[in-house]
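As structure tokens, the structure follows; a few thoughts come after it.
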Amino acid sequence: MYTDWSNAEIAQIFEEISEMLEVAGESPFRVAAYQKAANAIRSQPERIVDLFFQGKLREVRGIGESIAQKIGELIESGGLRYYEELKEKIPFSVLKLMQVPGVGPKKARILYEELNIQTVDDLEKAVKEQKLRDLKGFGAKTEENIVRGIAIYRQGQERLLLSDALPLAEEIVSHLREIEGVEQASAAGSLRRLKETIGDIDILVATLDSEKVIEKIMRLPQVKEVLAAGETKISVRVQSDLQVDFRLVKPENYGAALQYFTGSKEHNIKLREIAKKKGWKINEYGLFEVATNSKLAGQNEEEIYQMFGLPLIPPPLREDRGEIEAAFEGKLPTIIEFFDIKGDLHVHSIYSDGAARLEELAVEGIKLGYSYLAVCDHAQRLRVARGMTPEDVEKRLKEIEKINQRYPEIKLLNGVELNIENDGTVDYPLELLATFDLVSASVHWGFGQTREEITYRTLKAIENPYINIICHPTGRIINKRPAFEIDLPKVFQLAAETGTFLELNSYPDRLDLKDEHLLIAKRDYGCKFAIGTDAHGLVHLANIRYGVATAQRGWLEKKDVLNSYSLTEVFTLIKEKQKKLGVS
DNA sequence: GCCGTTTTCGGCCCGACTGTTTTCAGTCG
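When the letters of the first sequence are read in order and numbered with this note's numbering, they come out as residues 719 to 1302.
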């Protein structure tokens, strides 16, 4: 009897092992090895369980002899002795302590061993009773820090959506650029890499007069409170309890600092390893030759990458997912941009649960420079969304035709978003499906089904010759609902074989498929994609930028994305499925 | 614990800041 672990579950176990080893004072390299393995497992598209049975575990970078064996034990026996033994020494709750800013592995261990503190509540009580200051390495200041850390821990477990952070950061940066003495300014960190969620906002400023600029930053209109201000760094609180860290650097170091603070950590580590082999070192001040301590680059990012013989790697790719290797081989993708997008392939109107009229959608689409817009209202079985009956479909088509006559600059497509039933069937018969310009289908219920059930439904929909796009294929909602269990490799394979497009849903808390999935689906299966906003109102059409951001992070190029083609080409491309499946 | 066109052993990214310390450990990004 084998245990069917998900990758996330296995990753979690190794993550905890890493943390426990850290608390136990184990070799930092061993700690890092487990951490690395956990990351590798989590971002692996194939199921680790499957890889185990195929004997391919060791092919995953970061999984060696010892960890492969432990994974095997997990699958074969359902448990892991090594993990259980560690848990007896280091209670799980102690790991929670490390999530409090200011408490690391060393302090967590002392707190547990000396005062038997096991929970954040224990910690809070001990601080209040001033018990901490007698411990070795602790003082009054440490206590203060921990009090603040507990508050931060309690308040912010959720990460900020890119859509909340990006517009705000852009506004701040444009203000900064107007300040006298500011030579350059940019968002850095995960925000610049356009990650789907952000921990905090980092902004980098190049100036020769940091003192004056810091004073100006304090008076920016968005700033509600100054949390800390030094010579080169200032932290402020802006609207809705959001922290923004500004770092000020000299213009001659700006490129190096931007590269350094943009990350990702993993990308930078790889670059530093390469630098080290060349006898160089790289830090936030520049790229240096160690022997002579002479500066090789630092003014801008391009020259740093150039020294390595690399083109500038776009920030969304900097995740150590093979981008450095690809860049060396000249195989970096030309990632898709907003201006490549010719239309939106997923919008709702008042014919189902959307707020916008067809005409308003057409006008807004023209403003965005689109040449088409697929109106994919829900089909009848989605009652909560007032899904369309066949009569509604007919009525809507008449209106679409009228509007298309009135606005020749843009074409509204007669689309639909079907519901994939529990048995894999959809709302309408094939004859009706054949009348649409574009047919999408989504799983809207039954999220609790088993992996086999949900996969079966989705595969069955992919086999339907009239379904062009599978929408939000994993069903996740960021910060609210995890992805449902689905066998993505199977979905990717069949989608590629049948010529079915996979949606990249641009709704800011969906972004589904997500970046890692896109990369795998494209690279390993040759899938093609459709970017849609799932707009339920006019303002949502602008969310396309978050879809494009995610596409960039997923290495997608113009040619991979259906709506980067002209309308004529779109029709040709989607018709290929019916040809492949032998339907005329 | 992992990994290898300079290695199967000996490495493993780098620096700032803070606080508790008389020269450094811990935490963070």
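Positions of the beta carbon are idealized from the N, C-alpha and C atoms, including for glycine.
Just so we're clear, the structure is a prediction, and the values are computed from it rather than from any experiment.
Run of the beta strand (DSSP E) containing residue i, from where it starts to where it stops
i	result
A903	V900 to A905
Y1184	Taken as a continuous stretch (DSSP letters only), Y1184 belongs to no beta strand (DSSP E), as it is neither H nor E.
D920	I919 to T925
R965	L960 to V967
A1159	L1156 to S1160
G1061	G1061 to V1065
A1001	Note that residue 1001 is Asn in the sequence shown here, rather than Ala. Taken as a continuous stretch (DSSP letters only), the beta strand (DSSP E) holding N1001 covers W998 to N1001.
Local Cβ density within 10 Å of residue i, reported as buried at 16 or more and exposed below that
i	result
D852	exposed
A756	buried
Q957	exposed
N1197	exposed
F964	buried
N1011	exposed
A742	exposed
T721	exposed
F747	exposed
P1200	exposed
R1039	buried
Residue i vs residue j beta-carbon contact at 8 Å
i	j	result
L1206	T1268	no
E1203	R1175	no
E914	L886	no
C1094	G1133	yes
L1050	E1037	no
L1035	W1273	yes
K1295	T1173	no
L1079	L1156	no
I864	V818	yes
DSSP beta-bridge partners of residue i
i	result
I916	L878
K1013	F1006
R1124	Answer by DSSP bridge pairing: none, since R1124 is not bridged.
L1220	I1188 and F1247
R955	E943 and Q961
D1095	V1134
V1279	F1247
Y1174	Paired residue(s): none; Y1174 is not in a bridge.
M1106	A1097
I1195	R1199
Y1090	G1061 and K1129
A1253	V1065
Endpoints, the alpha helix (DSSP H) within which residue i is located
i	result
H985	K983 to K995
K825	P823 to L833
E1055	Neither: E1055 is in no alpha helix (DSSP H) and is coded neither H nor E.
E791	E783 to S795
E1303	The structure shown does not extend to residue 1303, since the chain is modelled only from 719 through 1302, so no value can be given for it.
E970	Premise fails: E970 is in no alpha helix (DSSP H) and is neither H nor E.
K1295	L1285 to K1298
D1227	Where D1227 is concerned, there is no enclosing alpha helix (DSSP H), given that its DSSP letter is neither H nor E.
P1034	No alpha helix (DSSP H) contains P1034, which DSSP labels as neither H nor E.
R872	A858 to Q873
N1261	Element bounds for N1261: n/a, residue is neither H nor E.
N725	N725 to V741
P746	P746 to R760
A1044	E1041 to F1046
V1330	In the structure displayed, the chain extends from 719 to 1302; residue 1330 sits before or after that span and is not available.
F771	I766 to F771
E1019	E1019 to M1025
F810	F810 to L815
A1080	L1076 to K1085
S928	S928 to M936
L1274	Note, L1274: premise wrong, no alpha helix (DSSP H); not H, not E.
Contact test: residue i Cβ vs the ligand SAH heavy atom, cutoff 7 Å
i	result
P1029	Summarising the ligand content, the structure contains no ligands, and the ligand SAH is consequently not present.
| query | Counting pairs of beta carbons, one from the stretch 758–765 and one from the stretch 985–995, are three or more of them closer than 8 Å? | reply | Below 8 Å, too few C-beta pairs join the stretch 758–765 and the stretch 985–995 to call them touching: fewer than three.
| field | Contact the stretch 1238–1256 vs the stretch 894–913: 3+ CB pairs below 8 Å | value | no
| Sufficient close CB pairs (3 or more, under 8 Å) joining the stretch 1079–1092 to the stretch 1053–1063 | Using a C-beta cut-off of 8 Å, the stretch 1079–1092 makes contact with the stretch 1053–1063, since at least three inter-stretch Cβ pairs fall below that distance.
| request: Answer yes if the stretch 1021–1032 comes into contact with the stretch 1095–1102, meaning at least three C-beta pairs across the two stretches below 8 Å, and no otherwise. | output: Contact between the stretch 1095–1102 and the stretch 1021–1032 is absent: fewer than 3 CB-CB pairs across the two stretches fall below 8 Å.
| query | Should the stretch 1146–1153 be regarded as contacting the stretch 1122–1129, the criterion being three or more beta carbon pairs within less than 8 Å? | reply | no
| said: I want to know whether the stretch 806–814 touches the stretch 829–838 - three or more CB-CB distances under 8 Å. | reply: yes
| task | Could you tell me whether the stretch 823–834 touches the stretch 847–863, where touching means 3 or more Cβ pairs closer than 8 Å? | result | yes
| Are at least three pairs of beta-carbons, each pair with one atom in the stretch 962–980 and one in the stretch 1012–1022, less than 8 Å apart? | yes
| task | State whether the stretch 1279–1294 contacts the stretch 1100–1115, with contact taken as three or more CB pairs (one from each stretch) at a distance under 8 Å. | result | no
| said: Between the stretch 1069–1087 and the stretch 936–953, can you find at least three pairs of beta-carbon atoms closer than 8 Å? | reply: no
| field | Given 8 Å, three or more beta-carbon pairs between the stretch 893–905 and the stretch 917–935 | value | yes
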